[in-house]
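Numbering (our numbering), first residue to last: 72 to 525.
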């Protein structure tokens with residue numbers, strides 16, 4: 072009798088195939104050479120790890136400081152661009168396999184398992200994700216570590232062993248220091264999980280509190296590192312120019328708080344047509360007082376401005392066309408679609424925000440009585456990516472699409488996870504399997520494990 076189709080075997084086979092096909096893709100000329108950020112990462116990757124400067128880099132005239140994780144990985148790759156790209160492809164494939172392996176621990180129905188494997192690998196082959204492996208920017212490794220982080224948490228939740236918790240915390244630290252926004256992401260996630268443990272999974276509470284304490288510690292250290300490196304100076308400048316200067320009321324608020332060069336800024340930057348014109352402000356000696364004021368007071372004062380102006384904080388003043396940037400995808404930083412990735416271009420984006428909210432309500436209706444954290448995990452992710460989208464939108468008015476492209480990827484991941492859980496639910500799976508096409512597929516994947524021949 073024919074053997075069962077194993078989801079774990081399929082996962083490993085897809086890992087090998089996708090890695091091979093990914094490594095075969097070559098972009099000539101490289102897409103990263105036209106950007107400034109890669110040269111900063113490469114510069115800091117040459118610093119000795121033993122020096123404090125590697126973890127707390129200071130601002131220099133020619134380079135903008137970066138959190139340490141990306142330079143660390145680049146250093147491991149010998150600071151060679153070609154090797155870095157191949158390394159990013161490997162970690163992309165490995166994170167795909169790892170998260171798939173972990174999610175399969177929670178799915179017991181064969182069709183649900185096969186569905187997740189196939190659509191997860193389709194998603195991770197999307198050029199909106201795979202394309203970033205060809206750039207020397209933070210996006211690729213940040214995504215890989217994000218999925219490692221999700222997977223390591225679920226693995227600890229499933230195994231409940233200290234070794235898995237330590238592994239998760241190490242991944243959390245590395246992930247956090249890929250971008251300065253991720254510590255907020257970690258804190259919001261652990262706060263939500265902690266809230267769940269007050270109702271269900273109470274034995275998990277102490278471990279989640281430990282994770283929350285670590286994330287707060289990482290937040291404090293990363294804030295200090297960002298202050299030393301003046302990493303908040305440019306985002307606050309961008310927000311002042313693009314969101315404050317065009318609004319006389321907002322501008323007056325900052326003027327009352329002592330912001331210098333108000334008249335000059337309004338005259339030269341309040342009506343710019345191309346956002347790239349902001350670049351000229353960064354190192355213009357004519358605005359040195361403004362630059363120093365931003366460095367000393369800008370971050371805290373802009374946070375205070377948002378808290379005292381709810382309409383700005385809640386994005387109520389933003390145009391609908393601008394808000395659509397939250398769901399940006401295929402934004403052009405990685406060049407034209409290459410290799411096997413063309414297949415997924417016809418599939419994604421498959422879900423939108425309304426679809427996953429509807430699917431989530433349906434899943435909770437049928438499964439919430441199980442009182443398992445994995446049941447509400449998609450709900451946690453919906454709030455997590457929603458909060459992250461608002462924070463990133465407010466954090467920097469420049470290159471919004473690039474900063475927020477992860478939102479649409481999160482939506483697709485949540486959608487795939489929701490459908491997989493619905494197929495895994497006894498009640499929902501029974502209804503779905505009554506459909507003729509689904510019934511035939513399910514019978515194929517659900518063969519009995521008796522291999523005895525008659």
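Backbone N, C-alpha and C define an ideal beta-carbon position, used for all residues, glycine too.
Between which two residues does the alpha helix (DSSP H) containing residue i stretch?
i, result
"residue 407", "Where residue 407 is concerned, there is no enclosing alpha helix (DSSP H), given that its DSSP letter is neither H nor E."
"residue 97", "Counting along the chain, residue 97 falls outside any alpha helix (DSSP H), and DSSP gives it neither H nor E."
"residue 297", "276-299"
"residue 168", "152-175"
"residue 491", "471-495"
"residue 451", "444-466"
"residue 438", "424-438"
"residue 308", "304-310"
Please classify residue i: does DSSP put it in a helix, a strand, or coil?
i, result
"residue 196", "coil"
"residue 214", "helix"
"residue 512", "Note on residue 512: pLDDT 48, under 50, position unreliable in the model; the coordinate value appears next. Three-state result, residue 512: helix."
"residue 202", "helix"
"residue 105", "coil"
"residue 134", "coil"
"residue 209", "coil"
"residue 149", "coil"
"residue 180", "coil"
"residue 316", "coil"
"residue 128", "coil"
"residue 77", "coil"
"residue 90", "helix"
"residue 331", "coil"
"residue 186", "helix"
"residue 85", "helix"
"residue 521", "For residue 521, the pLDDT reaches just 49, beneath the cut-off of 50, and the residue's location in the model is therefore unreliable, although a value from the coordinates is still provided. If DSSP states are grouped into helix, strand and coil, residue 521 belongs with coil."
"residue 340", "helix"
"residue 142", "helix"
"residue 417", "coil"
"residue 114", "helix"
"residue 72", "Confidence at residue 72 is low in this model, with a pLDDT of 32, below 50, so its placement is unreliable and no value can be given for it."
Identify, in the order they occur along the chain, each residue of the same chain with its Cβ nearer than 8 Å to the Cβ of residue i, setting aside the five sequence neighbours on each side.
i, result
"residue 317", "341 and 342"
"residue 154", "148"
"residue 79", "172 and 175"
"residue 489", "427, 430, 431, 434 and 449"
Distance cutoff 7 Å, beta carbons only. Does residue i sit that close to anything in chain D?
i, result
"residue 390", "Given the protein chain composition of this structure (a single chain), no chain D is represented."
Considering only residues of the same chain and omitting the five flanking positions on each side of residue i, which have a CB-CB separation below 6 Å?
i, result
"residue 210", "203"
"residue 167", "195"
"residue 468", "309, 310, 313 and 314"
"residue 255", "462"
Leaving aside the five residues before and after residue i along the sequence, list all residues of the same chain whose C-beta is less than 7 Å from its C-beta, in chain order.
i, result
"residue 221", "170"
"residue 236", "227 and 278"
"residue 332", "358, 360 and 361"
"residue 261", "279, 282, 283 and 286"
"residue 130", "136, 300 and 301"
"residue 71", "Residue 71 is absent from the structure shown; the chain starts at 72 and stops at 525."
"residue 424", "482"
"residue 405", "102, 198, 202, 203, 205 and 206"
Assuming residue i and residue j make a contact with CB atoms under 8 Å, what is their CB distance in whole Å?
i, j, result
"residue 135", "residue 207", "Not really, about 14 Å apart at Cβ, beyond 8 Å."
"residue 296", "residue 127", "5 Å"
"residue 365", "residue 302", "With 8 Å as the limit, residue 365 and residue 302 do not qualify as a contact, their Cβ atoms being about 12 Å apart."
"residue 307", "residue 370", "6 Å"
"residue 142", "residue 116", "4 Å"
"residue 455", "residue 263", "7 Å"
Please give the ranges of any alpha helix (DSSP H) in the region 220-270, keeping only runs that are unbroken, at least 4 residues long and fully inside the region. Whole alpha helix (DSSP H) segments, 4+ residues: 233-247 and 253-268.
Considering only residues of the region 344-408, which uninterrupted beta strand (DSSP E) runs meet the minimum length of 3 residues and lie entirely inside it, listed in chain order? Those beta strand (DSSP E) runs which fall completely within the region 344-408 and span 3+ residues do not exist here.
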